[in-house]
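Q: Throughout, our numbering is defined as the position within the sequence shown, counted from one, plus 1.
By construction, the Cβ of each residue, glycine as well, lies at the ideal position given by its N, Cα and C atoms.
Sharing a structure here in structure tokens format.
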Amino acid sequence: MNFFTYLLHLAGSGAGAYLTARQIRDPLTRPNLLAGFQLAESGSVPFLETLRDRAAKEGDTWLAEKLDRHAADERRHGQIFAQALKRLNKQVIDFKKLAENQPKEKTQANRRSPFFQAYFEGYSPESFKPENIDWIVFFASTYILELDASKDFVRMANVLPEDEPNSASLKKALLSVGQDETRHAAYLYEALERRLPAAAVVQVTDDWRVRKTNALLAMVSNLIQKGGQTQSLVQDGVSPEMSDEKPEIADLNEHSTAKSLEAA
Ligand SMILES: [Fe+2]
Ligand SMILES: [Fe+2]
């Protein structure tokens, strides 16, 4: 990573952290942020489970076990955010119904996130299916997102007050989610170390750090073009089958500052 990219990264994560911290503290923006997290966290589960099965088939038991735990954690994270929404008497919007009422091109455009488009630039959607994805690409790209997410969750927890029950319980939940994300980042880095020489690990994680910086910039400029307007992800009420949400629009990869910014 060159120094300029490093500065951009610091600026990008600073802006992201400021926005998410502000959104989680404000009762008006909190539900939408939580909904974005719920979708991203539970949306990663099927992807991780397919990867787990693939690792097992390829004979990498160590990796299969890590991915199994990872998938279980992300499922739990999705449920934590669903629960936090329920406490506010909110739930994630019904994407199927929404899609029925919108022209097809529009829903497809919504699904393509400028962040992920830029992050995975040069890779075809086909190469990003869990059956096909290159293991090194998966480890390194997810490592960067998990590492940043772990810090973001702790920062968000730190701005929440403890004197109000909903905020206090969310604070605890965010800290535990943050700890899990730290563990995810650690095993992904270890997975890289098991397959690559040390210098190559540094190189590949640097590359994905640069991609993340560029992707954040792409996302911010898209947000500015849209005049800051993004789609709302929540509606009032509590869904009856809340614990087994299977969101359809989730991105194939992980939650991140980017994800939450987009949900803003
Ligand atoms: Fe998570
Ligand atoms: Fe994670």
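1. Taking three-plus beta-carbon pairs below 8 angstroms as touching, is the segment 22-32 in contact with the segment 155-167?
2. Strictly by DSSP, which residues pair up with V235?
3. Let me know if E182 comes out buried or exposed under the rule of 16 or more other beta-carbons within 10 Å of its beta-carbon.
4. When the distance is taken between beta carbons, is N223 closer than 8 angstroms to P115?
5. What's the gap between the Cα of N111 and the Cα of F96?
6. Which whole-angstrom value describes the C-beta separation of A141 and T206, a residue pair presumed to lie in contact below a C-beta threshold of 8 angstroms?
7. Within the present structure, is the beta-carbon of E147 separated from the nearest heavy atom of ligand 2 by less than 7 angstroms?
8. Can at least three beta-carbon pairs, one atom from the segment 176-196 and one from the segment 63-75, be found at a separation below 8 angstroms?
9. Would you decide whether K227 is buried or exposed? Buried here means 16 or more other CB atoms lie within 10 Å of its CB.
10. So, helix, strand or coil for E130, using DSSP?
11. So what does DSSP say about Y7, is it helix, strand or coil?
12. Under the assumption that V211 contacts I94 (Cβ atoms under 8 angstroms), give the Cβ distance between them as a whole number of angstroms.
13. In its own chain, which residues sit with a C-beta less than 7 angstroms from the C-beta of E147, not counting the 5 before and 5 after it?
14. Under the three-state reduction of DSSP, which class applies to E122: helix, strand or coil?
15. Mind pulling the alpha helix (DSSP H) runs of 4 or more residues that sit fully within the segment 160-233?
16. Any heavy atom of ligand 2 inside 7 angstroms of the beta-carbon of A41?
17. Can you list, in chain order, the residues of its chain with a C-beta nearer than 7 angstroms to that of A169? Leave out the 5 residues immediately preceding and following it.
A: Answer, in terms of the structure:
1. The answer is yes - the segment 155-167 touches the segment 22-32, with three or more Cβ pairs under 8 angstroms.
2. The partner list for V235 (beta bridge, DSSP) reads V93.
3. With 16 or more Cβ atoms within 10 Å of its Cβ, E182 is classed as buried.
4. A distance below 8 angstroms separates the beta carbons of P115 and N223.
5. Any reading at N111 must be qualified, since the residue scores a pLDDT of 49, below 50, and its modelled position is unreliable; the value itself is stated next. Going by C-alpha positions, N111 is about 11 angstroms away from F96.
6. Between A141 and T206, the beta carbon gap of about 6 angstroms places them in contact (Cβ cut-off 8 angstroms).
7. Distances from the CB of E147 to the heavy atoms of ligand 2 include at least one below 7 angstroms.
8. Segments in contact, yes.
9. K227 is exposed by the Cβ-count criterion.
10. Correcting the residue identity first, residue 130 is Lys in this sequence and not Glu. Coil, per DSSP.
11. Y7: helix per DSSP, three-state reduction.
12. V211 to I94, Cβ: 34 angstroms. No contact.
13. Taking E147 as the centre and dropping the five residues before and after it, the same chain places the C-beta of E182, H185, A186, L189, E255 closer than 7 angstroms to its C-beta, in chain order.
14. In the displayed model, E122 falls within coil according to three-state DSSP, outside both helix and strand.
15. Qualifying alpha helix (DSSP H) stretches, in chain order: 166-196, 199-226.
16. No, Cβ of A41 sits at least 7 angstroms from all heavy atoms of ligand 2.
17. These residues qualify, in order along the chain: E163.
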